[in-house]
Amino acid sequence: MPQCLCFPIERYKAKNMEQLIELQNKTPVWNEDTQSYVLNFHGRVTQASVKNFQIVHEDDVDYIVMQFGRVAEDVFTMDYRYPMCALQAFGIALSSFDSKLACE
68 MPQCLCFPIE RYKAKNMEQL IELQNKTPVW NEDTQSYVLN FHGRVTQASV KNFQIVHEDD
128 VDYIVMQFGR VAEDVFTMDY RYPMCALQAF GIALSSFDSK LACE
């Protein structure tokens, strides 16, 4: 039976990356002063949290496609840009709450 490659996940599983962009979490760097791993949010995120993250293009880790982070106890900020749309970014942001509720 031929495999349907009309859905992006099926094309990804088949290693057909044509018209697909692979994104990844940006790896934090060790900061000697704070003795912790950090990401540079350029002032947009003001509180440390396990929920803070940046998503980058695999070929250019300086091109931040999306970033999400804590700015107050129950307040977060989310920034996104091309090739992500608002719905995709919002879905990713919502999913970050589900997997990390017990971590803080």
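Numbered as in the numbering used here, the sequence shown ends at 171 without a single skipped number.
Yeah, the Cβ is synthetic: ideal placement off N, Cα and C, and Gly gets one too.
Can you give the Cα-Cα distance for residue i and residue j, rounded to whole angstroms?
i: R137; j: F164; result: 12 Å
i: M84; j: Y130; result: 20 Å
i: Q179; j: P150; result: Here the chain covers residues 68 to 171 and nothing more, so residue 179 does not appear.
i: I122; j: S116; result: 16 Å
i: E140; j: Y79; result: 37 Å
i: S162; j: C152; result: 16 Å
Can you list, in chain order, the residues of its chain whose CB lies under 6 Å from that of residue i, leaving out five sequence neighbours each side?
i: F143; result: R137
i: E125; result: E89, Q91
Quick one: residues in its chain with C-beta nearer than 8 Å to the C-beta of residue i, no 5 flanking neighbours on either side, listed in chain order?
i: M68; result: Caution applies to M68, whose pLDDT of 42 falls short of 50 and renders its modelled position unreliable; the value that the coordinates give is listed next. Taken in chain order, the list of residues that qualify is empty.
i: Q155; result: Y147
i: P95; result: Y104, V105, L106
State the start and end residues of the unbroken beta strand (DSSP E) segment that holds residue i.
i: I131; result: 127-139
i: D100; result: Per DSSP, D100 belongs to no beta strand (DSSP E) and is neither H nor E.
i: I124; result: It is His, not Ile, that sits at residue 124 in the sequence shown. Counting along the chain, the beta strand (DSSP E) containing H124 begins and ends at 120-124.
i: F108; result: No beta strand (DSSP E) holds F108; DSSP gives it neither H nor E.
Taking the Cβ atom as the reference point for each residue, do residue i and residue j lie within a distance shorter than 8 Å?
i: N119; j: V112; result: yes
If you follow the alpha helix (DSSP H) that residue i is part of, which residue opens it and which one closes it?
i: I76; result: 75-80
### Message
Any contact between the stretch 117-136 and the stretch 88-108? By contact I mean 3 or more CB pairs, one from each, below 8 Å.
### Response
yes
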